[in-house]
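Engineer:
Residue numbers (the numbering used here), protein chains in the order written: chain C, 1 to 603; chain E, 1001 to 1228.
1. Helix, strand or coil for residue 434 (chain C) per DSSP?
2. Does the distance from the CB of residue 1021 (chain E) to the CB of residue 1033 (chain E) come in under 8 Å?
3. Please confirm if residue 62 (chain C) has its CB atom under 8 Å from at least one CB of chain E.
4. What does residue 1141 (chain E) reach in chain C if we use C-beta pairs closer than 9 Å?
5. Can you give the Cα-Cα distance for residue 293 (chain C) and residue 179 (chain C), rounded to whole angstroms?
6. Check whether the region 115-127 of chain C touches the region 65-80 of chain C, taking contact to mean three or more Cβ pairs, one atom from each stretch, closer than 8 Å.
7. What are the residues that DSSP puts in a beta bridge with residue 309 (chain C)?
8. Whole angstroms is fine: what's the gap from residue 1102 (chain E)'s alpha carbon to residue 1006 (chain E)'s?
9. Determine, for residue 1187 (chain E), whether the minimum Cβ-Cβ distance to residues of chain C falls below 8 Å.
10. Using 8 Å for Cβ pairs, my map puts residue 329 (chain C) next to residue 59 (chain C). What's the rounded Cβ distance?
11. So who's on the other strand from residue 444 (chain C), going by DSSP bridges?
12. May I ask you to report which of helix, strand or coil DSSP gives residue 1200 (chain E)?
13. What first and last residue would you give for the alpha helix (DSSP H) that runs through residue 368 (chain C)?
14. Which class does residue 390 (chain C) belong to by DSSP, given the choice of helix, strand or coil?
15. Taking the continuous alpha helix (DSSP H) assigned at residue 132 (chain C), which residues delimit it?
16. Suppose the cutoff is 7 Å on Cβ atoms and the five residues either side in sequence are ignored; what does the same chain contact list for residue 1063 (chain E) look like?
17. Evaluate residue 134 (chain C) with the Cβ neighbour count: other Cβ atoms within 10 Å of its Cβ, from every protein chain shown; 16 or more gives buried, anything less gives exposed.
18. I need the boundaries of the alpha helix (DSSP H) containing residue 151 (chain C), first residue and last residue.
19. Just checking my contact of residue 404 (chain C) with residue 465 (chain C) at CB under 8 Å: how many whole Å lie between their CB atoms?
20. By how many angstroms is the C-alpha of residue 1029 (chain E) removed from the C-alpha of residue 624 (chain C)?
21. Label residue 463 (chain C) either buried or exposed according to how many other C-beta atoms from any shown protein chain fall within 10 Å of its C-beta, with 16 as the threshold for buried.
22. Can you list, in chain order, the residues of its chain whose CB lies under 6 Å from that of residue 1013 (chain E), leaving out five sequence neighbours each side?
23. Check this for me: beta carbons of residue 334 (chain C) and residue 186 (chain C), under 8 Å apart or not?
24. Counting only beta-carbon atoms, is residue 1118 (chain E) nearer than 8 Å to chain C?
25. Please list the residues of the region 487-498 of chain C that have a C-beta atom closer than 9 Å to any C-beta atom in chain E, keeping them in chain order.
26. Rank C:539, C:362, C:439, C:475 by C-alpha distance to the C-alpha of residue 163 (chain C) and give the top, closest one.
27. Under 8 Å by Cβ, that's how I've got residue 370 (chain C) and residue 201 (chain C) pegged, so tell me the actual separation to the nearest angstrom.
28. Does residue 67 (chain C) come out as helix, strand or coil in the three-state DSSP assignment?
29. Using DSSP bridges, identify the partner residues of residue 139 (chain C).
30. Between the region 344-352 of chain C and the region 191-201 of chain C, do at least 3 Cβ pairs fall closer than 8 Å?
31. Can a CB atom of chain E be found closer than 8 Å to the CB of residue 594 (chain C)?
32. Helix, strand or coil: how does DSSP classify residue 1035 (chain E) here?
33. Taking residue 1077 (chain E) as the query, report the chain C residues whose CB atoms sit under 7 Å from its CB, ordered along the chain.
34. Are the region 446-453 of chain C and the region 497-504 of chain C in contact at 8 Å, needing three or more beta carbon pairs?
35. Where do the N-terminal and C-terminal ends of the beta strand (DSSP E) with residue 1171 (chain E) fall, by residue?
36. 8 Å is my cut-off, CB to CB: does residue 277 (chain C) come that close to chain E?
Put into structure tokens, the structure is as follows:
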């Protein structure tokens, strides 16, 4: 590969040099756009002007699933095989695809024309099964491929109180359609402290999963002394089953941008970032266009401006401090807290980081006042909430409802369980959530009621499973997801997600060992209690909740330890036999290395 | 300024800003550590030093949490022991601890079984013998990060090593897995000195273990001198 022409890269890199190390992810994206992947000559060329040590560049490339240090196909199909898509036959789809193109999942065709990969949740759950074909979303794929939608995904938006989603469901809203930033204009006439007081009085809490009071967060950053402050929009929506932010960003980007402007004014920030997950490439031009419109009309550019940063395939970067690390050009390792972002956030400066949906609430609150905003919802959970309803329901989609409707009412709106089959379970809050059953149908969907019922609201995931579904398969996929997405920093999560996956694999395959229940309990408990960040602390949540609800799932088909050893012994002998037999094909493989390139990156 | 707080029911004092770990050690209370080292930035990643602090939702890493007035800390509660034991059992199922005597001792102390996780995937790789000074056997690496830290801002500012992979499959690595002589490594030896498990080992020690005699190793060395 010594004949790589580095000139186009060098030209492209000029843009990123002023950013220094923080330009690393954008520069790697740009380089990969030019060369298709990242050969070491290219990585070294990126490192030089940004002044990043070579080993660190390697560390970053290795961390993010969407960066490739080996050649991949000209086109790439990423098939989602997480829960919602799996229910609609994603595995069959993937197998079918692989057979058709004569290539294994995770590999590239001989002529380097196509790579097929399994992907973690793509945020297209309501139109499952789905895939990402290069930069296009491919949804509602018929298993025989005779029909599918491709391009920018449709937005299926319903609900009784369309406040945040009033412009959603009918294509992207331009600034002309969104109208003036009246809330921002109103805020600018208020004292910044009064803006914060209004947000506090509204009772708004974060919609990304942690439910932290937004006003208190803003106040912390406003009170911190610093030469520079930041507002960051967390658009790294990656929680399996979550797709509400995709809809808000695609259909009504100005609402979120106006929310950021108000936050910036309230805390005294001059610079903002939107960090959007790499699996939403089709949203990036929409955001760029919206930012330009806002600049043209003078909302951005003078006292406050916003830059877009695109992730590269790492669920952990939705964790706020990991997201900062990623913007700073590092592996997405979460930081220890305290200190908190409000004092030591992005670039160690006071930072407000809010979820997309949270920010979309802000203009509403300022426009109607805290009291007006509180007219909807409950005393402790004011406002509306977007729920991502997917799985076995008749009408999957984003549902905007006031806090306080019951799970039964929400499911009724969604047309009930598809095919009128009885309900078996609802996964609440995503992979990091917990299971509910028909016993929970009357639980009101509010922070307080859900907490009392032991269910997390999380990011608003309501994934429905009918009676015929094999929950062990669902759990196996949860285990796989977390093992794939653990950053590897702290021991409980790094090893716990792996061990959890192995046990769940055994259970799904009817090979449970006698002590697997206790093992799973110990691993899950240790991750929950001792992990460094929210990923590890919730990686066992759904599993532990399932163990409480359906303990029988975890012991059926159990083998004694002795049997397991026998089984292992027979497996070992099979493996060694296979090794002997495979000697010849292995050589054959070696000669054809040039044509068959299998990615060594983890699946 | 000092603060007074409670550790295992005992009233103890600590300097303002002192960590729970330092305070414990100053008061003769043993808290085990793996990734922590006085010379490197504490990252609180091994979580072996976790303790129970009253009023906190989850266990707290004592290597970074500062002592506060009136704090009530349990360094060996049932919860703490369960977490430490499980982490140790997972370590034993993952890597080669044969040269980590401190961790073997911890396993004994906490009743951790090395066979708790049958059929578990281990992190195994062949030893990398690619330079004249040290050998890297990452089967023995427990990812304490200390070598990466001393190679970077904690000591040497050489930046020769970082990470490969992610999650369970993380490993210490060089730029595109190049051999050490092709990297910015200056063979300072800080990483070897700070490695707690024998994953990084001086070449001479490694050769002696391989069964070579001191004389044979000397010949290897003199041979190189002659060529010069």
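We put the CB at the ideal spot given by N, CA and C, even for glycine. Since the structure is predicted, the reported quantities are computational estimates derived from the model, not experimental observations.
Structural biologist: So, to answer that:
1. Here residue 434 (chain C) sits in strand by DSSP.
2. With respect to the 8 Å criterion, residue 1021 (chain E) and residue 1033 (chain E) are classified as neighbours on the basis of their beta carbons.
3. Cβ-Cβ to chain E under 8 Å: yes for residue 62 (chain C).
4. Chain C residues near residue 1141 (chain E): none, gap ~12 Å exceeds 9 Å.
5. Taking the straight line from one Cα to the other gives about 11 Å.
6. Yes: the two stretches touch, three or more of their Cβ pairs being nearer than 8 Å.
7. Answer is C:275.
8. Looking at the two C-alpha atoms, the distance is approximately 28 Å.
9. The beta-carbon of residue 1187 (chain E) is placed no less than 8 Å from the nearest beta-carbon of chain C.
10. By a beta-carbon distance limit of 8 Å, residue 329 (chain C) does not contact residue 59 (chain C). Their separation comes to about 11 Å.
11. Answer is C:406, bridged to residue 444 (chain C).
12. Correct three-state label for residue 1200 (chain E): strand.
13. Per DSSP, residue 368 (chain C) is one residue of the alpha helix (DSSP H) stretching across 356-373.
14. Three-state DSSP puts residue 390 (chain C) in a strand.
15. For residue 132 (chain C), there is no enclosing alpha helix (DSSP H); the enclosing beta strand (DSSP E) covers residues 131-133.
16. Only 1019, 1021, 1033, 1036, 1042, 1044, 1049 meet the Cβ criterion.
17. With fewer than 16 other Cβ atoms within 10 Å, it is exposed.
18. No alpha helix (DSSP H) holds residue 151 (chain C); the beta strand (DSSP E) holding it covers 149-151.
19. With a contact defined as Cβ atoms closer than 8 Å, residue 404 (chain C) and residue 465 (chain C) miss out at about 25 Å.
20. In the structure as shown, chain C starts at 1 and stops at 603, and residue 624 (chain C) therefore has no counterpart that could be examined.
21. Label assigned to residue 463 (chain C): buried.
22. The residues are 1002, 1004.
23. Cβ distance not < 8 Å, so residue 334 (chain C) and residue 186 (chain C) don't count as in contact.
24. Yes, contact with chain C.
25. The residues in question are 487, 488, 489, 490, 491, 492, 493, 494, 495, 496, 497, 498.
26. Cα-wise, what sits closest to residue 163 (chain C) is C:362.
27. Contact between residue 370 (chain C) and residue 201 (chain C) holds: CB atoms are separated by about 4 Å, below the 8 Å threshold.
28. DSSP places residue 67 (chain C) in the coil class of the three-state scheme, outside both helix and strand.
29. Looking at the DSSP assignment, residue 139 (chain C) forms a beta bridge with C:149.
30. Contact between the region 344-352 of chain C and the region 191-201 of chain C is not established, with fewer than three Cβ pairs separated by less than 8 Å.
31. Residue placement at residue 594 (chain C) cannot be trusted, given a pLDDT of 31 that sits under 50; what the coordinates show is reported in the next sentence. Using a Cβ-Cβ cut-off of 8 Å, residue 594 (chain C) does not count as an interface residue toward chain E, since no Cβ of chain E sits closer than that to its own.
32. Assignment of residue 1035 (chain E) by DSSP, reduced to helix, strand and coil, places it in the coil class.
33. Per Cβ cutoff of 7 Å: no residues; residue 1077 (chain E) is ~11 Å from chain C at best.
34. No, because fewer than three Cβ pairs between the region 446-453 of chain C and the region 497-504 of chain C fall closer than 8 Å, the two stretches do not touch.
35. In this chain, the beta strand (DSSP E) harbouring residue 1171 (chain E) covers 1171-1173.
36. Chain E, which has no Cβ nearer than 8 Å to the Cβ of residue 277 (chain C), makes this no.
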